[in-house]
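Engineer: Position 212, counted from 1, in the sequence shown is what the numbering used here calls 204; the numbers after and before it change by one each time, with no gaps. Don't be surprised by glycine CBs; every beta carbon is placed ideally from N, CA and C. Values in this document were obtained by computation on a predicted structure and should not be read as measured data. Take this structure first; my questions come after.
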Amino acid sequence: MSRRGMKYPVIAIDGPAAAGKGTLARQLADTLELPYLDTGLLYRAVARRVLDQGGDPAHDGPEQARQLVPEDMRRTDLREPEVDRAASAVARHPEVREALLERQRHFGRARGAVVDGRDIGTVVFPDATAKFFITASAEVRAQRRYVQRHGQPCMSPAQLAEEVAAINARDQQDASRETAPLRPAEDAVQIVTDDLDAADVLDRVCQILQEKGIIRR
Ligand code: CDP
């Protein structure tokens, strides 16, 4: 598989929590030999700083976003449930989003990139070479997130219900904010992944990129 024509393509991958954007984006970046940017990590790192400083994610974040350094994104404690919630809270502040915007654009412009997040196709790279919106039902996403965190499927209905509630709450918060809400760009290709595994999703995306003339086999 190779890229053709476009020197620095930017592929935008958006979607709700735990839809498999990260897995797809990483595999696609490997396949196309493009850098990969997980923009969720930026919001998680801001949230982590706020929590570490004893701040309130509903009110704090802009200062922490401006202070962000690359080491913040390499921390190993960015994927805890507490950080899921705090990241979604700090992501509501327009000043936080503004502070992170140029960083994301700069990364993508330098050598092209596969970029995953919530507003990549709508706000960060409205002119992206290709845009995908990856979704699945809340139940499927909750199961996937549970396996990711615990290394085994969630067996108890109560655990599953708790995970579904957390995912729905975060999606609701992400979709209802005024600045850069979670929503598909008009020109995004939507892929529902309930019945697809990671390899199927990658295949489908590569097929679409081929049809669009962005890559060739
Ligand atoms: O991996 P998961 O889908 O659970 O979340 P993530 O992509 O790491 O994003 C964590 C949180 O950051 C989201 O719930 C959003 O509130 C926020 N986010 C955002 O607002 N815009 C982005 N481009 C990426 C993440």
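Between the segment 107 to 114 and the segment 17 to 33, are three or more C-beta pairs nearer than 8 Å?
Structural biologist: Touching, per the Cβ criterion.
Engineer: In chain order, what residues of the same chain have a beta carbon less than 8 Å from the beta carbon of Q45, not counting five sequence neighbours either side?
Structural biologist: Counting only Cβ-Cβ distances below 8 Å, and skipping sequence neighbours, we find D52 and Q56.
Engineer: So is S129 buried or exposed if we call it buried at 16+ other beta carbons inside 10 Å?
Structural biologist: Per the 10 Å Cβ criterion, exposed.
Engineer: Drop a sphere of 10 angstroms on the beta-carbon of S80, count the other beta-carbons inside from all chains shown, and report buried for 16 or more, exposed for fewer.
Structural biologist: With 16 or more other Cβ atoms within 10 Å, it is buried.
Engineer: Between the segment 94 to 101 and the segment 178 to 190, are three or more C-beta pairs nearer than 8 Å?
Structural biologist: These segments do not touch.
Engineer: Can you check DSSP and say which residues form a bridge with I126?
Structural biologist: Answer is I183, bridged to I126.
Engineer: What do you get for P62, buried or exposed, if any count of 16 or more other CB atoms within 10 angstroms of its CB means buried?
Structural biologist: With fewer than 16 other Cβ atoms within 10 Å, it is exposed.
Engineer: I159 and R133: beta carbons closer than 8 Å?
Structural biologist: In this structure, R133 lies closer than 8 Å to I159 by Cβ.
Engineer: In whole angstroms, what separates the C-alpha of P8 from that of R209?
Structural biologist: Spanning the two alpha carbons is a distance of roughly 30 Å.
Engineer: Please determine, among R18, R66 and R84, the residue with the shortest C-alpha to C-alpha distance to L174.
Structural biologist: The candidate whose alpha carbon is nearest that of L174 is R84.
Engineer: I need the DSSP call for L70, collapsed to helix, strand or coil.
Structural biologist: Here L70 sits in coil by DSSP.
Engineer: I'd like to confirm something about S168: is its beta-carbon nearer than 7 Å to some heavy atom of ligand 1, or not?
Structural biologist: Outside the cutoff, so no.
Engineer: From Q165 to P1, what distance separates their C-alpha atoms?
Structural biologist: Those two C-alpha atoms are separated by around 31 Å.
Engineer: Using only CA atoms, which one of L92, E131 and R36 lies nearest to V75?
Structural biologist: Of the listed residues, the one whose Cα sits closest to V75 is R36.
Engineer: Exposed or buried, E203, counting other C-beta atoms within 10 Å across all chains shown (16 or more means buried)?
Structural biologist: When all chains shown are included, E203 counts as exposed.
Engineer: Are the Cβ atoms of P86 and T171 separated by less than 8 Å?
Structural biologist: Yes, these two residues count as a Cβ contact at 8 Å.
Engineer: Pick from P54, F124, L70 and D119: whose alpha carbon is nearest that of E90?
Structural biologist: Per the Cα distances, P54.
Engineer: Note down the Cα distance separating E154 from R77, rounded to an integer number of angstroms.
Structural biologist: C-alpha separation (whole angstroms): 14 Å.
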